[in-house]
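So the sequence lines, in the order shown, correspond to chains A and B. Position 91 of the first sequence, counting from 1, maps to 259 under my numbering, and the rest follow consecutively. Position 14 of the second sequence, counting from 1, maps to 182 under my numbering, and the rest follow consecutively. Glycine included, every Cβ here is placed at the ideal spot set by N, Cα and C. In this text, all values refer to a predicted model and were calculated from it rather than measured experimentally. Below: one structure, written as structure tokens.
There are 2 protein chains.
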Amino acid sequence: MSKPTAEQPPSPRTRVRRIAENAAYDRATLLAIVDAAYLCHIAFSDGSASHCIPTACWREGQHLYIHGSNGSRMLKALTSGADICVTITHLDGLVLARSAFNHSMNYRSAMIYGQFECVDDLQAKRDSLARFMEKLAPGRQAQIRPGNDKEFNATTVLRISLDEAACKVRTGGPVDDEEDLALPVWAGVLPLIQQRGAPIQDPACQQAAPEHVLAWQADSAEIPAQ
Amino acid sequence: MSKPTAEQPPSPRTRVRRIAENAAYDRATLLAIVDAAYLCHIAFSDGSASHCIPTACWREGQHLYIHGSNGSRMLKALTSGADICVTITHLDGLVLARSAFNHSMNYRSAMIYGQFECVDDLQAKRDSLARFMEKLAPGRQAQIRPGNDKEFNATTVLRISLDEAACKVRTGGPVDDEEDLALPVWAGVLPLIQQRGAPIQDPACQQAAPEHVLAWQADSAEIPAQ
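Below you can see the structure in the form of structure tokens.
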């Protein structure tokens, strides 16, 4: 199991208590987890109930960005000043131990606490959304019809600082009790990988595939180290 | 885009407002999304802050189960009677449209609202954890060292009813504005698939791989219909 050096002191909210040896507070681990994600889950309370909503995300510098329609209940709730929690999780494998109790999973997760702020400046909003496109499909922004004023006006962009964040990472094989090691039981890891499938062209589209489509599978993320 | 027939009326909390045509309230869609997941994200408030914590999950009948250490802050908070929200999300692809605005993602998500209850009965707890193992690795429970009393006593199993749940599903290609269809832009879907990697045997283990390990990749989930 890898345990990156702690570089950033945790806050009371981000200090990992459970299996604390899997905690990581260093920036490189956090940014790698965030950048590998297309979506996050956001927990917030609207006063009467807790909600957990998945949404697309991207990073710029030391902020995580999300966007949506102005009419979204979630975006309205998130801009009301409420403290929220954003979590990103990558599941990397099932860890099969010799005892039931020591079974586990390999994962990389990041929890970010704080408040969202609205990106009100129109140019900043346009730039953010262009960076989101660049994450999804490098080079595509220059090829498509860009957003018009009506579309930009209907879209809200929010961001949250990555200042208060903590990661939890488990890698490697099973950790069995000493007395179980001799048991005649297969032990190891069953890896899970987010794979990129062959692009599916819109039947109504006659265009040749651009570079970001041709490179989709070639650029596929490598199998994470187990 | 597929839109299963609504069979179960939504509650005020589960009625999908945003892109309501992607909502699904039928049981088959819900169970398929839940059964395809190894983990869920749980949103809860501890009174001062919202938290979003990823954890392993499995289903038995009309309940979703989770487990953890008795000492877990999350499990304590979840058994305090608080209303919580559990969300499962599968990301199936990036949807590249001819305009920036119409880009989207294909996904299957389920949100479950309610309260967790503790599985206190010892036999029920053992049976639940055995079913969890069956989900992870069919047939494995009979091969491993089962939990002992100390391990079971240190473990809390919780369940939540699937009664108040809603799904949101997007499939298919981009939906462009009519006036954008003739633009010289590639349009289509870049699929994302959760793939199973080759099993990695613990170097300290000399056992031949059992059936659930041999079948891991053969049983790999098919590419979801786009």
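### Query
Going by the beta-carbon positions, is the gap between A/Leu259 and A/Leu358 smaller than 8 Å?
no
### Task
Taking A/Ser277 as the query, report the chain B residues whose CB atoms sit under 7 Å from its CB, ordered along the chain.
Simply Pro222.
### Query
For the alpha helix (DSSP H) that A/Ala224 lies in, which residues bound it at each end?
Element bounds for A/Ala224: not the alpha helix (DSSP H) but the beta strand (DSSP E), 218-224.
### Query
For A/Tyr281, which residues in chain B fall below 8 Å Cβ to Cβ?
Ala217
### Message
What residue range does the alpha helix (DSSP H) around B/Phe320 cover?
### Response
317-321
### Query
Who are the near neighbours of B/His209 in its chain, counting only those whose CB is closer than 6 Å to its CB and skipping five residues on each side?
Cys220, Pro222, Thr255
### Supposed contact pair A/Ser213 and B/Ser213 - C-beta distance, whole angstroms, cut 8 Å
5 Å
### Task
Compute the Euclidean distance between the alpha carbons of A/Ala377 and A/Arg308, then round it to the nearest angstrom.
11 Å
### Task
Answer yes or no: does any C-beta atom of chain A fall closer than 8 Å to that of B/Asp251?
yes
### Query
Can you list the residues of chain A that B/Ala305 reaches, using a CB-CB cut of under 8 Å?
Those within 8 Å of B/Ala305 in chain A are Leu262, Leu264, Leu358.
### Task
Run the CB neighbour count on B/Arg266, radius 10 Å, all protein chains shown included, and call it buried at 16 or more, exposed below.
buried
### Boundaries of the beta strand (DSSP E) in which B/Gln363 is found, first to last residue
356-364
### Task
Please go through the segment 278-342 of chain A and give each complete alpha helix (DSSP H) segment of 4 or more residues, from N-terminal end onward.
290-304, 317-321
#### Entry: A/Ser248 at chain B interface by Cβ criterion, 8 Å
no
### Message
Looking at the strands, I want to know which residues DSSP matches up with A/Ser213.
### Response
A/Ser218
### Query
So, is B/Phe300 buried or exposed, given that buried needs 16 or more other C-beta atoms within 10 angstroms?
Burial is judged here by how many other beta carbons sit within 10 angstroms of a residue's own beta carbon; B/Phe300 has at least 16 and is buried.
### Message
Can you look up A/Gln274 in the DSSP assignment and give me helix, strand or coil?
### Response
Looking at the sequence provided, one finds Asn at residue 274 of chain A rather than Gln. A/Asn274: strand per DSSP, three-state reduction.
### Query
Using 8 Å as the limit for Cβ to Cβ distance, is A/Asp370 near chain B?
yes
### Task
Using a cut-off of 9 Å between C-beta atoms, extract the partners of B/Leu207 located in chain A.
Going along chain A in sequence order, the residues near B/Leu207 (Cβ under 9 Å) are Thr257, Leu259, Met273, Tyr275.
#### Entry: Cβ shell of B/Met242 (< 6 Å), same chain only, five flanking positions each side left out
Ile221
### Query
Can you list, in chain order, the residues of the segment 339-353 of chain B whose Cβ is nearer than 8 Å to any Cβ on chain A?
Gly341, Pro342, Asp348, Leu349, Leu351, Pro352, Val353
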